[in-house]
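Taken in sequence, the protein lines are chains H, W and P.
So the first sequence is numbered by my numbering: it starts at -5 and just counts up by one.
So the second sequence is numbered by my numbering: it starts at 48 and just counts up by one.
So the third sequence is numbered by my numbering: it starts at 283 and just counts up by one.
Glycine included, every Cβ here is placed at the ideal spot set by N, Cα and C.
Since we're looking at a predicted model, the values are computed, not measured.
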Amino acid sequence: MSTQEQAVVHVQRDDLRTRMGMWLFLFTELLLFGGLFFAYSVYRYLYASDFALAGKEMHVIIGAMNTAILLTSSMTMALSITAMERGNKRLSILYQLTTITFGLLFLVNKYIEWSAEISAGNYPGSTELAAKSHGQIIFYGLYYVMTGLHALHVIVGMTIIAVMCAFTIKDVITKDNYVKLEAAGLYWHLVDIIWIFLFPLFYLIN
Amino acid sequence: MEKQETQAEHTSHSYSIYVLVWLGLLTLTALTTVVAGINFGALTIAIALLIASTKSYLVLTVFMHLRIEQRAFKIFVFVAMFFLIISFVLLFSDYSFLQGFIK
Amino acid sequence: MSSEAVSVPLDSHSSYLDYTGKYKGLRAWIFSTDHKRIGILYLVALLSWFAIGVTLGFLIRLELFTPGKTIVDPQAYNSFFTLHGVIMLFLFVIPGLPAVFGNFFLPIMLGAKDVAFPRLNLLSWYLYMIGSLLVLLSIVLPGGAPDTGWTFYIPYSVRTSTNMIFALTAVFILGFSSILTGLNFLTTIHRMRAPGMGWFKMPLFAWSLYATGWIQILATPIIGITLLLVIFERVFHVGIFDPGLGGDPIMFQHMFWIYSHPAVYIMAVPAMGVISEILPVFAKRTIFGYKFIAFSSLAIAVFGSLVWAHHMFAVGMSDTGEFIFSLLTFLVAIPSAIKVFNWTATLYKGSITLDPPMLYALAAIFLFSIGGLSGIIQGTLSVDIQITDTAFIVGHIHYVVFGITGVGIFAALHYWLPKMIGRMYNHKVAKVAFWIFFVGFNILYFPMFVMGWLGMPRRYYDYLPQYTTYHQISTVGSWIMITGLIIMFYNLIKSVKYGEKVDAKAVWVYGETLEWTVPTPPPHENFDEIPAITDGPYEYKFNDEPILEEEES
Chain H
-5 MSTQEQAVVH VQRDDLRTRM GMWLFLFTEL LLFGGLFFAY SVYRYLYASD FALAGKEMHV
55 IIGAMNTAIL LTSSMTMALS ITAMERGNKR LSILYQLTTI TFGLLFLVNK YIEWSAEISA
115 GNYPGSTELA AKSHGQIIFY GLYYVMTGLH ALHVIVGMTI IAVMCAFTIK DVITKDNYVK
175 LEAAGLYWHL VDIIWIFLFP LFYLIN
Chain W
48 MEKQETQAEH TSHSYSIYVL VWLGLLTLTA LTTVVAGINF GALTIAIALL IASTKSYLVL
108 TVFMHLRIEQ RAFKIFVFVA MFFLIISFVL LFSDYSFLQG FIK
Chain P
283 MSSEAVSVPL DSHSSYLDYT GKYKGLRAWI FSTDHKRIGI LYLVALLSWF AIGVTLGFLI
343 RLELFTPGKT IVDPQAYNSF FTLHGVIMLF LFVIPGLPAV FGNFFLPIML GAKDVAFPRL
403 NLLSWYLYMI GSLLVLLSIV LPGGAPDTGW TFYIPYSVRT STNMIFALTA VFILGFSSIL
463 TGLNFLTTIH RMRAPGMGWF KMPLFAWSLY ATGWIQILAT PIIGITLLLV IFERVFHVGI
523 FDPGLGGDPI MFQHMFWIYS HPAVYIMAVP AMGVISEILP VFAKRTIFGY KFIAFSSLAI
583 AVFGSLVWAH HMFAVGMSDT GEFIFSLLTF LVAIPSAIKV FNWTATLYKG SITLDPPMLY
643 ALAAIFLFSI GGLSGIIQGT LSVDIQITDT AFIVGHIHYV VFGITGVGIF AALHYWLPKM
703 IGRMYNHKVA KVAFWIFFVG FNILYFPMFV MGWLGMPRRY YDYLPQYTTY HQISTVGSWI
763 MITGLIIMFY NLIKSVKYGE KVDAKAVWVY GETLEWTVPT PPPHENFDEI PAITDGPYEY
823 KFNDEPILEE EES
């Protein structure tokens, strides 16, 4: 073996391997939130009326808007891949930036919503919340943990797409090699899917 | 030699299918929001989950290209879902039959 | 299996140990993405933690030699058994075989040059080391070492003032390390097998790593989120587990065991894979029921995900739930039993040589069978109400986990270490160590079945005088066993520098899987040319017995 060898063993390019790796990683994210959904479903079953009570105070309009925002961002992410596939570099970058912008909008909405809840005293450890029934305390506990963890994933997703955007500009991602962009898209779509379930469970209880 | 797959062997959808699916997703979102106002009793959550599952199915198969991926990926998704769902079922085999829970 | 027409040059090669690339010295190891070096890095770390875990076990048994205080106060004792569990499980047996031998040998066994994601592999090791650091910090920082038991049950894990956040974060990060290893192996097995190596020509160790990888990916995130919630409970009082705020402590237990039961199969299944590798080589017969063994690994992974609440039979679950979980628990024994039958059939009429790897492999089968049968006893609902949370369970877990995974690691060391370092240990010393270990193991753990049956609780610092004799027998057993361990490791570690050099590719002569066709130790990229595979593994051509299975066409 020559001493000039690279540190990393040269492996053949295999896009399916990359996508497979990302899908498997997505399962871990799915199960991470899955655990929270376990907790949610059991406590909703045990505290049905308390959950309905707390659910009434949720801001449906903000929630619905955020759902629409994420769904649209999913579309623009998918479109960015098609654009790259067709060699349209500028359009792909545009769609990627649009996706990030929608992510930002989502976060702004979330900030507004959380601020409203916190100023109303609905946060873990507050005296107002401590005075409420157990089921309501748990509802809000789950609300903050689940939407908070989700928002963290939105931030991570936006960062990943920003990096992909840089790669696209620098021609690391090209018409003949865009599996990285596909992988980033897969991550973003999962973030969307999780919100698709969070929305009815927190905002549409009646 | 390991297996390889390069870009030439893997293409995805046209622009229009994405827009169509997006419109469908928005429609379903509107539907689920409206339906939530109607009282179906115990069925309400089932309907909400059904609509959410349909939306997820669309995102999975079209946006995430599961429809055109290799069969292995579809099996993978099935395996992950199986684990998730069976855990829910077994969890509730305890909770649904509890005799009294201190609230 | 024979490789076609591809020969590896017989001139002196530089092995992965001598290879120099971008970095030199220590940095050439801790920045290396070579799966073989990463395996060695894991080995050193794991064995270090094992030594600490054994010491803690020694101290626990010493304390239990007499009722009341023997050497430490109760608080220290609680921390001892907590750390013993956390270290042995999260830092030794769960990373265990996959991290060391999976990393080192899976690519070679498949005919690949490395795993699917080499840099991610290195990240896995970094995460393991960060988790290690956090566990160390949880021990030494002022708040005091964790004392909740490795199971971190609510509400005490929220109330205790010890360094819980460090311990919980450590396990979270270690979980992530485990997930990435599983992800890497699954992708490697799917995409990087040599041409001609169909799924059913893959070695059984690879099958076991495949099943294990699925458990790692699907189950580990659950404990991740569960422990994260405990951290949030401690810091933000979210109420999700705290009964004072409406939470259900049983919900914690459900979520905890949804991972932690499948986790025992992360521990056991690779060890079963190692046994399936060793038996054919030292019985010189092909494995009996290859497909049954392969599929039973998958079946264990599936069934193992369905039984978690058998850890909770006495906590107040519904009768219906308990009945269902008891039934499922009986079912999970079946695929394991299938393996034991197939292993036995492999041995029947074999030409057996009791080299050290074989001794440990056979011991693993024996000990696991005892442990597994005691598991059936525990799965019986009415019986478990009596014996849960007693020493019976402690006996069970050590017979199964230590018995198959611990002993499996010892077997793998004696089987593969010479290949990894190109030096052979002393066989006579190894055999003496084995017997001392084996005798000590049984004297240590068998009395636990008896005293547990008679009512001795687990994790108890003090006990009634009627249990004293059993405890003392058990403690003496621990001294014997540890003596065996010391001799065993002294022998192995000494061989690293002073062992007789091994040049043969087929170190054990009869090994038929691909790692025995490459030089000893393997070169940097494993193969000069990727072999083309024509035969299945374990097909021995030098005895006259017909192969018991249909030929793969």
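Exposure label - residue i; buried when at least 16 CB within 10 Å
i, result
"residue 146 of chain H", "exposed"
"residue 162 of chain H", "buried"
"residue 636 of chain P", "exposed"
"residue 183 of chain H", "buried"
"residue 60 of chain W", "buried"
"residue 170 of chain H", "exposed"
"residue 125 of chain W", "exposed"
"residue 286 of chain P", "In this predicted model, residue 286 of chain P has a pLDDT of only 39, less than 50, meaning its place in the structure is not dependable; the value taken from the coordinates is given anyway. Residue 286 of chain P is exposed by the Cβ-count criterion."
"residue 137 of chain H", "buried"
"residue 283 of chain P", "Any reading at residue 283 of chain P needs caution, since the residue's pLDDT is 44, under 50, leaving its predicted position unreliable; the model's value is listed next. Classification of residue 283 of chain P: buried, given that the 10 Å Cβ count is 16 or more."
"residue 19 of chain H", "buried"
"residue 565 of chain P", "buried"
"residue 133 of chain W", "exposed"
"residue 115 of chain H", "exposed"
"residue 113 of chain H", "exposed"
"residue 416 of chain P", "buried"
"residue 292 of chain P", "Note that residue 292 of chain P scores a pLDDT of 41, beneath 50, so its modelled location is shaky; the value from the coordinates is reported in the next line. Exposed."
"residue 129 of chain W", "exposed"
"residue 519 of chain P", "buried"
"residue -3 of chain H", "The pLDDT assigned to residue -3 of chain H is 35, lower than 50, so where the model puts this residue is not dependable, and the model offers no usable value."
"residue 90 of chain W", "exposed"
"residue 480 of chain P", "exposed"
"residue 165 of chain H", "exposed"
"residue 149 of chain H", "exposed"
For residue j and residue i, believed in contact at Cβ under 8 Å, the rounded distance
i, j, result
"residue 573 of chain P", "residue 815 of chain P", "Their Cβ separation, rounded to whole angstroms, is 17 Å, which puts residue 573 of chain P and residue 815 of chain P out of contact at 8 Å."
"residue 620 of chain P", "residue 649 of chain P", "No, residue 620 of chain P and residue 649 of chain P are not in contact; Cβ-Cβ is about 18 Å, not under 8 Å."
"residue 704 of chain P", "residue 297 of chain P", "7 Å"
"residue 658 of chain P", "residue 612 of chain P", "7 Å"
"residue 559 of chain P", "residue 485 of chain P", "6 Å"
"residue 444 of chain P", "residue 429 of chain P", "5 Å"
"residue 757 of chain P", "residue 343 of chain P", "4 Å"
"residue 471 of chain P", "residue 808 of chain P", "With 8 Å as the limit, residue 471 of chain P and residue 808 of chain P do not qualify as a contact, their Cβ atoms being about 16 Å apart."
"residue 272 of chain P", "residue 324 of chain P", "There is no way to answer for residue 272 of chain P, as the model of chain P reaches only from 283 to 835."
"residue 784 of chain P", "residue 752 of chain P", "That belief does not hold up - the Cβ atoms of residue 784 of chain P and residue 752 of chain P are roughly 45 Å apart, past 8 Å."
Bridge-paired residues (DSSP) for residue i
i, result
"residue 782 of chain P", "P:706"
"residue 168 of chain H", "H:171"
"residue 297 of chain P", "P:805"
"residue 672 of chain P", "P:739"
"residue 659 of chain P", "Note: residue 659 of chain P sits in no beta bridge, so no partner."
Proximity test, Cβ basis, 9 Å: residue i and chain B
i, result
"residue 131 of chain W", "Absent from the structure is chain B; the protein chains it does hold are H, W and P."
Self-check item: Proximal residues, the stretch 452 to 478 of chain P versus chain H, C-beta separation under 7 Å
Solution: Listed by position, the residues of the stretch 452 to 478 of chain P near chain H (Cβ gap below 7 Å) are 461, 465, 468, 469, 472, 473.
Self-check item: Residues in the stretch 513 to 528 of chain P having any Cβ partner in chain H nearer than 8 Å
Solution: Within the stretch 513 to 528 of chain P, the residues whose Cβ lies closer than 8 Å to any Cβ of chain H are, in chain order, 514, 518, 519, 520, 521, 522, 527, 528.
Quiz item: Quick one, which residues of the stretch 380 to 408 of chain P are near chain H if we go by CB-CB under 9 Å, in chain order?
Solution: Closer than 9 Å at the C-beta level to chain H, one finds these residues of the stretch 380 to 408 of chain P: 394, 395, 396, 398, 399, 400, 401, 402.
Quiz item: Of the residues that make up the stretch 494 to 509 of chain P, which ones have a beta carbon closer than 9 Å to any beta carbon in chain W?
Solution: Hits within the stretch, in order: 496, 499, 500, 501, 504.
Self-check item: 4-residue-minimum alpha helix (DSSP H) runs that sit fully inside the stretch 52 to 93 of chain H, ordered along the chain
Solution: The stretch 52 to 93 of chain H contains these whole alpha helix (DSSP H) runs: 54 to 79.
Self-check item: Contiguous alpha helix (DSSP H) assignments of at least 4 residues, all confined to the stretch 119 to 180 of chain H
Solution: If we require 4 residues or more, the alpha helix (DSSP H) runs fully inside the stretch 119 to 180 of chain H come out as 121 to 124, 128 to 163.
Exercise. Please name the residues in the stretch 90 to 118 of chain W whose beta-carbon is closer than 9 Å to at least one beta-carbon of chain P, in chain order.
Key: Going along the stretch 90 to 118 of chain W in chain order, one finds no residue with a Cβ nearer than 9 Å to chain P.
Quiz item: In chain order, what residues of the stretch 534 to 549 of chain P put their CB closer than 7 Å to some CB of chain H?
Solution: Cβ contacts with chain H: 537.
Practice problem: With 9 Å as the limit, tell me which residues of the stretch 20 to 34 of chain H have their beta carbon closer than that to any beta carbon of chain P; keep them in chain order. | Solution: Within the stretch 20 to 34 of chain H, the residues whose Cβ lies closer than 9 Å to some Cβ of chain P are 21, 22, 23, 24, 25, 26, 27, 28, 29, 30, 32, 33, listed in chain order.
Quiz item: If contact means a Cβ-Cβ distance below 7 Å, which residues of the stretch 796 to 807 of chain P contact chain W?
Solution: Legend: CB atoms of the stretch 796 to 807 of chain P lying less than 7 Å from CB atoms of chain W are not found in any residue.
Self-check item: Completely contained alpha helix (DSSP H) runs for the stretch 363 to 426 of chain P, where each covers 4 or more residues
Solution: DSSP runs (the alpha helix (DSSP H)) wholly in the stretch 363 to 426 of chain P: 385 to 392, 400 to 422.
Self-check item: Contacting positions in the stretch 59 to 76 of chain H - beta carbon closer than 8 Å to chain W
Solution: Flagged, chain order: 61, 62, 65, 66, 68, 69, 71, 72, 73, 75, 76.
Quiz item: In chain order, what residues of the stretch 563 to 584 of chain P put their CB closer than 8 Å to some CB of chain W?
Solution: Along the stretch 563 to 584 of chain P, there is no position whose C-beta sits under 8 Å from a C-beta of chain W.
Practice problem: Run through the stretch 596 to 622 of chain P for me and flag every whole alpha helix (DSSP H) of 4 or more residues, listed as ranges in chain order. | Solution: Taken in chain order, the stretch 596 to 622 of chain P contains no complete alpha helix (DSSP H) segment of 4 residues or longer.
Quiz prompt | Interface residues of the stretch 138 to 150 of chain H facing chain P [CB-CB below 9 Å] | solution = Listed by position, the residues of the stretch 138 to 150 of chain H near chain P (Cβ gap below 9 Å) are 138, 139, 143.
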